[in-house]
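Novice: Sequential numbering of the sequence shown, starting at 421, is according to our numbering.
For every residue, glycine included, the Cβ atom is placed at its ideal position computed from N, Cα and C.
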Amino acid sequence: MAEEEHMAVNGGGDVELVEAKGADYSGVSACSRSRRAAKSISLVRLIVACMAAGGVQYGWALQLSLLTPYVQDRHSDGEDVEIIEASNMDNSNFATSSHSPHMAKPISLVRLFLACMVAGGVQYGWALQLSLLTPYIQTLGLSHALSSIIWLCGPIAGFLVQPCVGLWSDRCRSRFGRRRPFIFVGCCLICIAVLVVGFSSDIGYALGDTKQHCRDYHGARWHAAIVYVLGFWLLDFSNNAVQGPARALMADLSGPHGCSAANAIFCSWMALGNILGYSSGSTGSWHKWFPFLMTRACCEACANLKAAFIIAVIFLAICLTVTLIFAKEVPLRAPAQDPQALARVDSKGEPMPSEGEERTSFLAVFKAFKNLPPGMPSVLIVTALTWLSWFPFILYDTDWMGREIYHGNPKGTAAEIDAYNRGVRQGAFGLLLNSIVLGVTSFLIEPMCRKLSSRVVWAASNFMVFACMATIAVVSVWSSKQFNGSIQQAITADSGVRATALVLFAALGVPLAVLFSVPFAVTAQLVVDKGIGGQGLCTGVLNISIVIPQVIIALSAGPWDALFGKGNLPAFALASAIAFVCGIVGLFMLPRLSRSNFTTSGVAGGH
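#1: Rounded to whole angstroms, what is the Cα-Cα separation between Q970 and I685?
#2: Quick one: which unbroken alpha helix (DSSP H) runs of 4-plus residues sit fully inside the stretch 618 to 695? Chain order, please.
#3: Does C536 come out as helix, strand or coil in the three-state DSSP assignment?
#4: Ordered along the chain, which non-local residues of its own chain (more than five positions away) have a Cβ less than 6 Å from that of V967?
#5: Using 8 Å as the Cβ pair cut-off and three pairs as the minimum, do the stretch 799 to 817 and the stretch 923 to 940 touch?
#6: Distance check for G1003 and C607, CA to CA, integer angstroms please.
#7: Starting from I731, follow the alpha helix (DSSP H) in both directions and report where the run begins and ends.
#8: Is the CB-CB distance between Y816 and A645 below 8 Å?
#9: Using 8 Å as the threshold, is the stretch 928 to 936 in touch with the stretch 849 to 861, meaning 3 or more CB pairs across them?
#10: If R875 sits next to L1010, beta carbons under 8 Å apart, how far is it from one beta carbon to the other, in whole angstroms?
#11: Can you give me the Cβ contacts of A995 inside the same chain, cut-off strictly under 6 Å, excluding the 5 residues immediately before and after it?
#12: Looking at C-beta atoms only, is the number of pairs between the stretch 835 to 850 and the stretch 819 to 827 that lie closer than 8 Å three or more?
#13: Does DSSP put R845 in a helix, in a strand, or in coil?
#14: Looking only at its own chain, which residues have a Cβ that is under 6 Å from the Cβ of L946, when we skip the five neighbours before and after it?
#15: Short of 6 Å in beta carbon distance, which residues of its chain neighbour Q757, apart from the five on each side in sequence? Order them along the chain.
#16: If I'm right that P665 touches R599 with Cβ under 8 Å, what's the distance once you round it to whole angstroms?
#17: How many whole angstroms separate the CB atoms of V934 and W878, which I take to be in contact at a CB cut-off of 8 Å?
#18: Give the straight-line distance between the Cα atoms of S873 and A944, rounded to the nearest whole angstrom.
#19: Counting beta carbon pairs with one atom in the stretch 716 to 726 and one in the stretch 615 to 635, are three or more of them shorter than 8 Å?
#20: 8 Å is my cut-off, CB to CB: does N963 come that close to chain C?
#21: What did DSSP end up calling S700 once you bin it into helix, strand or coil?
#22: To the nearest angstrom, how far is it from the Cα of I379 to the Cα of F652?
#23: So, helix, strand or coil for N829, using DSSP?
#24: In the structure shown, what three-state DSSP assignment does R591 receive?
#25: Is the Cβ-Cβ distance between N694 and W820 less than 8 Å?
#26: Secondary structure at M821, three-state DSSP: helix, strand or coil?
#27: Which residues bound the alpha helix (DSSP H) around T920?
#28: By Cβ distance, which residues of its chain are closer than 6 Å to F657, with the 5 residues on each side in sequence left out?
#29: Going by the CB atoms, is the gap between I730 and G618 shorter than 8 Å?
#30: Ignore the nearest five residues each way along the sequence and tell me which others in L572's own chain have a CB closer than 6 Å to its CB.
#31: Please confirm whether I603 and T741 have their CB atoms less than 8 Å apart.
#32: Taking 8 Å as the cut-off, decide whether the C-beta atoms of L562 and A613 are in contact.
#33: What are the start and end residues of the alpha helix (DSSP H) that includes I998?
#34: Closer than 8 Å by C-beta to V1005: which residues in its own chain qualify, once you throw out the five before and the five after it? Chain order, please.
#35: Starting from the C-beta of N841, find all residues in its chain whose C-beta is less than 6 Å away, skip the five residues before and the five after it, and write them out in chain order.
Put into C-alpha cells, the structure is as follows:
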C-alpha cells in the first residue's frame, strides 16, 4: 500500500518533490538531467505517454475497493522546495535515471498531457484495490484477522520491485526505449492479475470448490481464495513495476516544459484515476448491466467486482496504447556508440556517474544511514509513527463501514451479506470524498507551511488524525448501541451515524495530503541545506521508514482486532493513541526549517 514520491535537483539547487501514493523514486535525477542534457519534447507527446498509468490505476482502484469483502464471503532558511503530489500506495522507487539520457525531439504540451495518461489508468486500479479487495477476500473465506496479511505484498513489492525495475530501466538499451518496454510488460501483467482476481471464484469452482450455488453457500472456498491471493500479489508487484518507469518516462519527456509541468500533469491523471476508481467501486449495479457475468460461483458482489476489473483492463489498454504512441523515446546507446559516454565507462564497460551524480544501488540506501543530514533521524522516526497511525484506516476503511456502520457480515446470512456490501460501496464513496478533499488541500499546503512552518503543519495533521481515529471509535460504539440485532433496522438506522462516517472519511483527506507531501519536502530541504547530493538516497531511506510500519500493521492489525472481539474498533483505537504520541513527538523532534522559501505545487490523488 504504498505512495509515490519523486524529487529532482535542478542546476540552481532548487528541489522539486513529486509525490504519489506509493513512493516512486525512479525518476529522482531525471528532471535535472533532462534540463541539462535533453532536447525538449512537445507537451502533447508527454501527456499521451503517461496515459497508460491511468489504465493501471483504474484496475488498482477496483482491487482496493472490492476484493477484501469478496474473499470473506467466499470462505466463510534553506533552498526552495517544490512539492508536486499525487497519491498511490506505492512508496519505494528511488532509482536514478540513466547517466547518459538520449532524448527525443521536443513535444508539445498537449502531447505531454496524453503521454502521461498511463498515470490515470494505474491510479484507477489502485483506488479499486484499496476500497474493495480487503472486503472481497473475506467473502472467499479468509478471516478478518488474516485478511490484513495479504497486504504484506504492498510494502515488499514497493521495497524490492520498484528500485530494481527503476535501475534496470535506467540501463535498458532496447530499440523501443528505456521505459516503454517495462511499462508495456508491467501493464500486461496487471491485466492478467486483474482477470485472475476477478474470476478467482469461477477458477476455484473449476478446481474443486463447492458446487452449491453462491446464493446458498456462504462457507469457505479455499481454491478460489488461493487463486485470489496469487492474483492479488501479482497485481501488487505488477503495479509497482509500472510506477517507476512511468514516472521516469514523465521526467525524460518533460524537456523545456520542466518537471513541474510534467509532474502536475502526471498527478492530475492520478487524481482523475482515483475519482473514477472510487466511483466505480461505489457502484453496485455492474451485475445488472452485465448479467452474463453472474454464475453459480459468482453472485452479485462477485459480478460487480468482475465487471469493474474488466472495465479496468479496457481502460488500461487504452491508456497504455496512447502512452506508447505519443511517448517516443530515443534508445539508450551503448558506450561504444556514444563518444561522450565512452569517456565515462569503467574497466567493465559500464557507464560511470557523471560529475555531481551518484550511482544509486539497492544497498546504497542502507549505506546512506551513516551519512544522514542533521535532523533526518527525527524525520524518520516521526514518519514511521505517522504511518503506524494511518495504515489501519487504509486496510479497513470500507470494511469498517460494512461491519460497524451497516452491521453486515461477509459470511453471514443473505441479508447480512447485502448489508455488508452496501456498507463497502458507501465506504468507497467516502474514499471518493477523501480524494477530492486531498486534492484541494494539496494546494493549501504551501501557504500553511509558509505561515506556520512545516513542523507545526505536520504535527497538527497528526493531532487531526488522532481526533478522527478517536471519533471513528466513538462512532463505532454509538452505532453498535443503536443496533438491536435486526438487519432491517440497521439498514434504516439513524442517518446521522452514516453522515458522520462520511464526514470522517472526507476530513481525513486533509492530514493525508500533508502525509503525501511534507515529509518529502522536509527531507529535500534538509539535504539542500547541508549542501550535499543524494536526494534519491535520502528519499529511499525515508521510504524505509514507511515500509517498516506497513509490515508491522499488516502482520499485527488482524490478530490485534481478533484479540478484542474481531471488529475494527481496537485497530482504530490504537491508531488514535499512536497519532497523539506522534503529534507530541513531532512538535519537539522535527527540525526547525526556514519557511520563507517553502514552495509546493501540484495535485494530489487519493490513496
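Specialist: With the given structure in hand:
#1: Taking C-alpha positions only, Q970 is separated from I685 by approximately 29 Å.
#2: You should have 620 to 627, 642 to 673.
#3: Three-state DSSP puts C536 in a strand.
#4: If we look at V967 and ignore the five residues flanking it on each side, its Cβ neighbours are P575, F579.
#5: Short answer: they touch.
#6: Using only the alpha carbons, I get a separation of about 40 Å.
#7: For I731, the uninterrupted alpha helix (DSSP H) segment begins and ends at 720 to 746.
#8: Contact: no.
#9: Below 8 Å, enough C-beta pairs join the stretch 928 to 936 and the stretch 849 to 861 to call them touching: three or more.
#10: Here R875 really is in contact with L1010; their C-beta atoms are around 4 Å apart, less than 8 Å.
#11: S809, P812, M889.
#12: Verdict: yes, contact present.
#13: DSSP places R845 in the helix class (H, G or I) of the three-state scheme.
#14: Only P793, G795, M796 meet the Cβ criterion.
#15: Annotation note: pLDDT 49 at Q757 (below 50); position unreliable, no value reported.
#16: With a Cβ gap of about 4 Å, P665 and R599 count as contacting.
#17: Yes, V934 and W878 are in contact; Cβ-Cβ is about 6 Å, under 8 Å.
#18: Roughly 15 Å between the two C-alpha positions.
#19: Yes: at least three Cβ pairs fall under 8 Å.
#20: Structure shown: chain C not included; a single protein chain is present.
#21: Helix.
#22: No statement about residue 379 is possible, as the shown extent of the chain runs from 421 to 1027 and does not include it.
#23: Annotated three-state conformation of N829 is coil, per DSSP.
#24: If DSSP states are grouped into helix, strand and coil, R591 belongs with coil.
#25: Against a cut-off of 8 Å, the Cβ pair of W820 and N694 comes out as no contact.
#26: Residue state, collapsed to three classes: helix.
#27: If you look at T920, you'll find it in the alpha helix (DSSP H) that goes 915 to 927.
#28: The beta carbon of F657 lies closer than 6 Å to those of A577, V581 in the same chain, with the five residues before and after it left out.
#29: Yes. Within cutoff.
#30: Counting only Cβ-Cβ distances below 6 Å, and skipping sequence neighbours, we find A974.
#31: T741 sits away from I603, with the two beta carbons spaced by 8 Å or more.
#32: Cβ atoms of L562 and A613: not closer than 8 Å.
#33: Run containing I998: 989 to 1009, per the alpha helix (DSSP H) assignment.
#34: The residues are I801, V802, L805.
#35: If the five residues before and after N841 are omitted, its C-beta is found closer than 6 Å to the C-beta atoms of A721, all from its own chain and listed in chain order.
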